[in-house]
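Here is the structure we will look at, set down as structure tokens.
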Amino acid sequence: MSATSAFVQHGRVPQQPRRLFSSHERMKIHRQLSSSGSSSSAWSEVLQNAIGSLDRRLDSKEEKMETQRRRRNNAVNNGENNDIANHIEFVSPLLEDGYPPAVLEYEERFETANNNNHNRRRNRQKKPMLLYLPGFDGTILAPFLQFPSLGEEFDVRAMKVSMDDRSSFEELKDAVVDYLLRECRGDDNQANGGRGAVYLMGESFGGILATEVALELNRPTYEDYVELRGLVLVNPATSYLRSRMYEVAPPIAAARPILPALSGVQYAVSLAAQLVPLFLDQGRAIQQLIAILSSKGLPSVVNGPEREAYMGRVAFDLPNRLKFMPQDTLKWRLEEWLEWGCGVFEDRVEMLQSARDSSNEDDALGDVETYALLKVSQELRTVVVVGELDQTLPSVEEAERLASEVFRNAVVHVVPGAGHASTCGGSLNLVGLLREVFAEINTYGRIKNGDNDGMGSDWMGGEPMEELHGLEPRYDGASIGLNPFLYWSKDYYQKWRER
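Numbering (the numbering used here), first residue to last: 57 to 555.
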């Protein structure tokens with residue numbers, strides 16, 4: 057189903073135009089209207105007026121984007137931190153949370169380096185980068201359990217977006233591309249005969265953004281600097297226009313208060329009663345929490361005291377990390393991020409299908425846009441991870457569509473019993489899955505320290521015990537978990553200083 061038909065099916069007109077609403081698309085619509093005959097003249101007039109309105113808004117938006125792009129370039133030229141100005145931040149989550157193996161590894165990179173920035177940046181690229189792009193909430197909480205094990209093979213980075221951010225979809229994409237260029241272009245990869253190796257991981261809305269970033273990075277302009285080796289999509293929101301969330305969330309975001317004085321209460325109740333339940337599973341996460349608190353089991357990726365302490369520290373800090381999304385923020389992100397992004401994605405799919413059906417393959421490959429589309433579709437190794445019980449999005453169905461129609465080099469993994477928010481939780485061993493798909497990453501720890509690099513090892517074999525609800529028995533067989541007072545002890549927590 058196309059983006060347009062999805063809008064019509066749910067009885068709403070898109071709030072923003074599709075980014076690729078080009079002259080080619082308009083001509084296609086006009087041809088369809090012409091062939092429909094005079095009986096549809098009223099509908100034709102309405103639709104043509106809508107097209108004109110969309111084009112005017114698109115022109116206005118492009119002017120605004122160009123102004124913001126000039127301001128961003130001026131800020132960069134003046135040495136200003138553009139990420140902070142736009143409330144977009146790129147972080148190393150393991151360093152921020154004081155995970156000792158990551159901090160020690162960071163410190164080791166500079167022990168033998170001199171004070172030359174060239175050498176310092178080069179040493180930071182020993183591991184390939186894994187950049188995580190979050191859902192529309194902008195937080196990096198959903199996969200936090202996976203970060204330590206992913207740190208065995210990757211230099212884990214993540215994008216965080218504050219709740220007051222009003223970036224457009226294009227600005228988010230530009231921010232990610234600019235960040236990757238800064239990180240990869242500055243370490244003299246060309247002198248070492250290679251480029252900066254990057255893997256992209258996008259969850260929910262981040263999955264839409266990751267596909268667009270992947271397309272951008274495969275243009276000839278960036279291929280000399282960034283080597284995109286793989287794409288990981290977790291419950292990608294490319295199916296948003298066909299989802300239960302698309303039916304429920306926009307009315308909540310657009311609702312006017314019955315009593316102005318109680319507007320905040322009305323919105324909070326609507327969120328709690330209608331929207332939040334879509335992100336939950338059928339009690340599996342609660343069952344896992346009980347098993348963890350009773351010291352019966354742990355996630356498979358929590359295989360040592362350092363990781364258990366890390367898990368505990370983040371859990372204790374959840375009240376500070378979970379942010380309430382204001383109603384205007386919800387409305388903005390539903391329209392400007394999810395609806396707009398899905399429109400962009402569906403246009404890409406249509407263009408891809410046209411390129412595949414083209415009778416002149418040479419002409420298709422000669423177009424930069426089509427070249428990038430075909431390269432991503434046919435060559436980019438893609439892993440699609442979805443929750444079996446995702447109620448927010450039809451993720452299992454969408455994974456099948458992406459693997460059959462979009463990404464020809466894709467692997468689909470379904471996490472049993474997982475809902476939308478818990479897919480990257482205790483039932484998943486993501487690094488084990490990625491080691492199977494991306495064979496080249498399964499080397500760093502073995503080269504450095506034999507069979508183990510000091511950050512733990514992960515096991516993909518066997519089945520967890522049923523009574524542990526997807527968890528595994530504790531790594532130490534103990535009947536009581538790690539003392540919470542040890543979570544911040546010097547053995548399990550280390551502050552880091554950026555150099």
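Yeah, the Cβ is synthetic: ideal placement off N, Cα and C, and Gly gets one too.
Task: Identified DSSP bridge partners for Leu284 - done: In the sequence shown, residue 284 corresponds to position 228, counting from 1. Leu284 is bridged by DSSP to Val254.
TODO: Have a look at Gly194, Leu331 and Ala477 and flag the residue whose alpha-carbon is nearest the alpha-carbon of Tyr445.
DONE: By 1-based counting over the sequence shown, the position of residue 445 is 389. The amino acid occupying residue 445 in the given sequence is Leu; Tyr does not appear at that position. Considering only alpha carbons, the answer is Ala477.
TODO: Look up Thr213 in the DSSP assignment and say whether it is helix, strand or coil.
DONE: For the purposes of this step, residue 213 is taken as the residue at position 157 of the sequence shown. Contrary to the premise, residue 213 reads as Arg rather than Thr in this sequence. Looking at Arg213 - three-state DSSP - the assignment turns out to be strand.
Task: Cβ-Cβ distance between Leu284 and Leu273 below 8 angstroms - done: Here the question's residue 284 lines up with position 228 in the sequence shown. Here the question's residue 273 lines up with position 217 in the sequence shown. Yes, Cβ-Cβ distance for Leu284 and Leu273 is below 8 angstroms.
Task: Gly473 - containing alpha helix (DSSP H), residue span - done: Residue 473 sits at position 417 when you count from the first residue of the sequence shown. Annotation for Gly473: no alpha helix (DSSP H) segment contains it, and DSSP assigns it neither H nor E.
Task: For Glu145, the first and last residue of its enclosing beta strand (DSSP E) - done: Working through the sequence shown from its first residue, we reach residue 145 at position 89. Annotation for Glu145: the continuous beta strand (DSSP E) segment containing it runs Ile144 to Val147.
TODO: Please confirm whether Glu259 and Asn291 have their CB atoms less than 8 angstroms apart.
DONE: For this step, residue 259 is matched to residue 203 along the sequence shown. For this step, residue 291 is matched to residue 235 along the sequence shown. Yes.
Task: In DSSP terms, what Leu187 is bridged to - done: Taking the sequence shown and counting its residues from 1, the one referred to as residue 187 is at position 131. Per DSSP, the beta bridge partners of Leu187 are Arg213 and Leu256.
Task: Among Leu206, Thr195 and Pro204, the one whose alpha carbon lies nearest that of Ser219 - done: Translated into positions along the sequence shown, residue 219 becomes position 163. For the sequence presented, residue 219 should be read as Met rather than Ser. Met219 has its Cα closest to that of Thr195, out of Leu206, Thr195 and Pro204.
TODO: Count the CB pairs spanning the segment 201 to 216 and the segment 145 to 165 that are closer than 8 angstroms, and state whether there are at least three.
DONE: Segments in contact, yes.
Open item on the list: Let me check understanding here. Comparing Cα to Cα, which of Pro472, Tyr278 and Leu538 lies closest to Arg369?
Closed with: By one-based count along the sequence shown, residue 369 stands at place 313. For Arg369, the closest of Pro472, Tyr278 and Leu538 by C-alpha to C-alpha distance is Leu538.
TODO: Would you mind stating whether Phe210 and Lys183 have Cβ atoms separated by less than 8 angstroms?
DONE: Translated into positions along the sequence shown, residue 210 becomes position 154. Translated into positions along the sequence shown, residue 183 becomes position 127. Less than 8 angstroms divides the Cβ of Phe210 from the Cβ of Lys183.
Task: chain B contact for Ser460 (CB, 8 angstroms cutoff) - done: This model lacks chain B altogether; it includes just one protein chain.
Task: Val325 burial status per 10 Å Cβ neighbour count (16 or more: buried) - done: As a working note, residue 325 is residue 269 in the sequence shown. Looking at its Cβ environment, which holds fewer than 16 other Cβ atoms inside 10 Å, Val325 is exposed.
- [ ] Have a look at Met381 and His143 and give me their C-alpha separation to the nearest angstrom.
- [x] Mapped onto the sequence shown, residue 381 falls at position 325. Mapped onto the sequence shown, residue 143 falls at position 87. The C-alpha of Met381 lies about 15 angstroms from the C-alpha of His143.
Task: Stretch-stretch touch, CB-based, cutoff 8 angstroms, three pairs: the segment 295 to 308 with the segment 352 to 366 - done: The segment 295 to 308, when compared against the segment 352 to 366, does not touch it at the 8 angstroms Cβ threshold.
TODO: Within the same chain, show all residues whose beta-carbon is closer than 6 angstroms to that of Val467, passing over the 5 residues directly before and after it, in chain order.
DONE: Within the sequence shown, numbered from 1, the residue matching residue 467 stands at position 411. Hits under 6 angstroms: Val439 and Val493.
Task: Proximity winner among Ser451, Asp280, Phe225 and Gly262, relative to Arg241 (alpha-carbon distances) - done: Residue numbering aside, residue 241 sits at position 185 when the sequence shown is read from its first letter. The shortest C-alpha separation from Arg241 is found at Asp280.
Open item on the list: Check whether the segment 334 to 351 and the segment 525 to 537 touch, using three or more Cβ-Cβ pairs below 8 angstroms as the test.
Closed with: With contact defined as three or more Cβ pairs closer than 8 angstroms, the segment 334 to 351 and the segment 525 to 537 are in contact.
- [ ] Below 8 angstroms on the Cβ atoms is my guess for Leu256 versus Lys229; work out the distance and round it to an integer in Å.
- [x] Position 200 of the sequence shown, counting from 1, holds the residue named residue 256. Position 173 of the sequence shown, counting from 1, holds the residue named residue 229. Contact between Leu256 and Lys229 does not hold, since their C-beta atoms are separated by about 12 angstroms, which reaches or exceeds 8 angstroms.
TODO: For Gln383, I'd like the list of residues in its chain whose CB is within less than 7 angstroms of its CB, leaving aside the five on either flank, ordered along the chain.
DONE: Taking the first residue of the sequence shown as position 1, residue 383 is located at position 327. Ala309 and Tyr323, listed in sequence order.
Task: Whole-number beta carbon distance between Phe463 and Leu436, since they are thought to touch under 8 angstroms - done: Position 380 of the sequence shown holds residue 436. Position 407 of the sequence shown holds residue 463. Taking C-beta atoms under 8 angstroms as the contact rule, Leu436 and Phe463 qualify, at a distance of about 7 angstroms.
Open item on the list: Using the three-state DSSP reduction, which class does Glu444 fall into: helix, strand or coil?
Closed with: For the purposes of this step, residue 444 is identified with residue 388 of the sequence shown, where counting begins at 1. Residue state, collapsed to three classes: coil.
Task: For Pro375, the first and last residue of its enclosing alpha helix (DSSP H) - done: Here residue 375 corresponds to residue number 319 of the sequence shown, with the count starting at 1. For Pro375, the enclosing alpha helix (DSSP H) starts and ends at Leu374 to Arg377.
- [ ] Taking 8 angstroms as the cut-off, decide whether the C-beta atoms of Ala270 and Val432 are in contact.
- [x] Locating residue 270 in the sequence shown gives position 214, where the first residue counts as 1. Locating residue 432 in the sequence shown gives position 376, where the first residue counts as 1. In contact: Ala270 and Val432 (Cβ atoms closer than 8 angstroms).
Task: Rounded separation between Phe541 and Lys379 - CA only - done: For the purposes of this step, residue 541 is taken as the residue at position 485 of the sequence shown. For the purposes of this step, residue 379 is taken as the residue at position 323 of the sequence shown. Computed Cα separation, rounded: 26 angstroms.
TODO: With DSSP as the reference, please indicate the residues paired to Pro529 in a beta bridge.
DONE: Within the sequence shown, the letter at position 473 stands for residue 529. In the DSSP assignment, Pro529 forms a beta bridge with Gly353.
TODO: Mark Ser545 as exposed unless 16 or more other C-beta atoms lie within 10 angstroms of its C-beta, in which case mark it buried.
DONE: On the sequence shown, position 489 is the one that residue 545 refers to. Exposed, by the Cβ-count rule.
Open item on the list: Let's test the definition: count the other Cβ atoms within 10 Å of the Cβ of Leu374 and tell me whether it reaches 16, buried, or not, exposed.
Closed with: Here residue 374 is taken as the residue at index 318 of the sequence shown, counted from 1. With fewer than 16 Cβ atoms within 10 Å of its Cβ, Leu374 is classed as exposed.
Open item on the list: How far does the alpha helix (DSSP H) with Gln409 in it extend, from its first residue to its last?
Closed with: Counted from its first residue, the sequence shown places residue 409 at position 353. Bounds of the alpha helix (DSSP H) holding Gln409 are Trp396 to Asp413.
- [ ] Starting from Val439, follow its DSSP beta bridges and name the residues at the other end.
- [x] Taking the first residue of the sequence shown as 1, we reach residue 439 at position 383. Paired residues: Val288 and Val467.
Task: Reference Gly339; option with closest CA among Gly475, Asp532, Glu406 and Glu161 - done: Counting from one through the sequence shown, the residue named residue 339 turns up at place 283. If we check each option's Cα against that of Gly339, Gly475 comes out closest.
- [ ] Between the Cα of Leu354 and those of Ala293, Leu331 and Gly481, spot the shortest distance and give me the residue it belongs to.
- [x] Counting from one through the sequence shown, the residue named residue 354 turns up at place 298. Leu354 has its Cα closest to that of Gly481, out of Ala293, Leu331 and Gly481.
TODO: Ignore the nearest five residues each way along the sequence and tell me which others in Ser483's own chain have a CB closer than 7 angstroms to its CB.
DONE: What you label residue 483 is simply residue 427 of the sequence shown in a count that begins at 1. Within the same chain, Val471, Pro472, Gly473, Ala474 and Gly526 come within 7 angstroms of Ser483 by CB-CB distance, once the 5 residues on both sides are set aside.
Open item on the list: Given a cut-off of 8 angstroms on the beta-carbon distance, is the pair Leu186 and Val212 in contact?
Closed with: Here residue 186 is taken as the residue at index 130 of the sequence shown, counted from 1. Here residue 212 is taken as the residue at index 156 of the sequence shown, counted from 1. Yes, they are a contact pair.
TODO: Assuming Phe261 and Gly443 form a contact by the criterion Cβ under 8 angstroms, report the distance between their Cβ atoms to the nearest whole angstrom.
DONE: Residue numbering aside, residue 261 sits at position 205 when the sequence shown is read from its first letter. Residue numbering aside, residue 443 sits at position 387 when the sequence shown is read from its first letter. Separation of the CB atoms of Phe261 and Gly443 is rounded to 15 angstroms, and the pair is thereby denied contact status at 8 angstroms.
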